[in-house]
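The opening residue of the sequence shown carries number 0 in numbering that gives the first Met the number 0; numbering runs sequentially from there.
What follows is a short report on a single structure.
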Amino acid sequence: MIDVIQHINSVRREVGTRVLESGTAHTVTVSQTYKATVDDLWDACTNPERIPRWFLPISGDLRLGGRFQFEGNAGGIIEKCDPPNSFAATWEFGGGVTWIEVRLTAEPNGRARFTLEHTGHVEDAHWVEFGPGAVGVGWDMGLLGLAKHLDAPDAAVIPAEVMAWLTSDEGKELVRLSSEGWCAANIAAGAAEADARGARDRTTAAYTAGAPEAAPA
C-alpha cells in the first residue's frame with residue numbers, strides 16, 4: 000500500500016526560468032528528502048545496477064562525456080559530474096533536447112535531499128499544451144520509486160506490477176494530485192490561472208490514458 004497523499008506532500012515543486020545561450024528556458028524543479036546518506040543517494044542515482052530498481056533499465060557509458068539511454072524513454076550525454084554532489088546531462092526524447100541537473104545535499108539527522116532541475120526552451124509547444132506537469136508528473140513518479148528503493152534496496156522492480164499500479168485508482172490519484180501540485184507551482188510562478196488549469200487537465204488526461212506524448216521528455 001502506497002501513501003499517495005504523504006508522497007505528494009513530501010515533494011517540493013517549483014517552476015521558473017533560466018537564460019541560456021540559445022534564449023530563455025523554463026525550469027521545473029522537484030526535490031525530496033530521504034532517509035539516506037548523500038553517498039548512498041549518489042550510488043542509487045548513478046550505479047547502473049541500482050537505477051533499474053527504481054527508475055528504468057539503462058545502458059551506455061555512465062561517465063563524464065558518456066552517452067546513456069533509458070529503455071523506452073530518454074537518452075543523452077553526461078555533461079557535468081561532481082561526485083557525490085551533482086551531475087548534469089542532456090535529456091533527448093522524441094527528437095527534442097532538454098537538460099537535467101541532479102543535486103544532492105546533506106540534511107540534518109543523517110538524511111539527504113535529492114533535487115532535480117529539468118530545463119527546456121520557452122517556445123516549446125509541448126510546454127504550451129501540458130505545462131510543467133508534462134515532465135513534473137513523471138519525475139514525481141520517479142521520486143516515489145526512489146523512496147521505495149531506498150526503503151528496500153534489494154527489491155527488484157517488476158514492470159508488469161508497476162504498470163498495473165499506474166493504471167489502478169491509486170496510481171491515477173497520484174497523477175491527479177501531482178498534476179494539481181504542478182498547476183499550483185505554475186500559477187505561483189506567474190502563469191495565468193486558466194492556462195495553468197487547462198495544461199493540468201490535459202496532462203492528467205494524457206498520463207491516465209497512457210499517452211506517450213506526456214511522458215517525461
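Here a beta-carbon is modelled for each residue, glycine too, at the ideal position from N, C-alpha and C.
Within 7 Å: the Cβ of residue i and any heavy atom of the ligand SAH?
i     : result
Val96 : The model depicted lacks the ligand SAH and carries no ligand whatsoever.
Please report the straight-line C-alpha distance between residue i and residue j, rounded to a whole angstrom.
i      : j      : result
Ala184 : Phe69  : 28 Å
Ala159 : Thr166 : 11 Å
Leu284 : Pro83  : In the structure displayed, the chain extends from 0 to 216; residue 284 sits before or after that span and is not available.
Thr207 : Met162 : 11 Å
Leu61  : His148 : 20 Å
Ala187 : Trp181 : 10 Å
Val134 : Ala24  : 14 Å
Ser85  : Thr32  : 15 Å
Gly59  : Gly141 : 20 Å
Asp81  : Phe113 : 14 Å
Leu143 : His6   : 7 Å
Asp153 : Val10  : 24 Å
What does the Cβ neighbour count give for residue i, buried or exposed, with the cut at 16 atoms within 10 Å?
i      : result
Ser21  : exposed
Ala43  : buried
Ala191 : exposed
Pro131 : buried
Gly170 : buried
Arg52  : buried
Ile50  : buried
Leu19  : exposed
Can the beta-carbon of residue i be found less than 8 Å from the beta-carbon of residue j?
i      : j     : result
Glu78  : Thr89 : yes
Ala111 : Leu40 : yes
Is the region 191–201 close to the region 124–140, with three or more CB pairs under 8 Å?
yes
As an exercise, report each continuous beta strand (DSSP E) stretch of at least 3 residues that is fully enclosed by the region 91–145, in chain order.
95–106, 110–120
If you scan the region 148–185 from start to end, which runs of the beta strand (DSSP E) of 3 or more residues do you find wholly inside it?
none
Counting Cβ pairs closer than 8 Å, one from the region 10–20 and one from the region 101–108, do we hit at least three?
no
Contained alpha helix (DSSP H) runs [length at least 4] in the region 28–96, N- to C-terminal order
37–45
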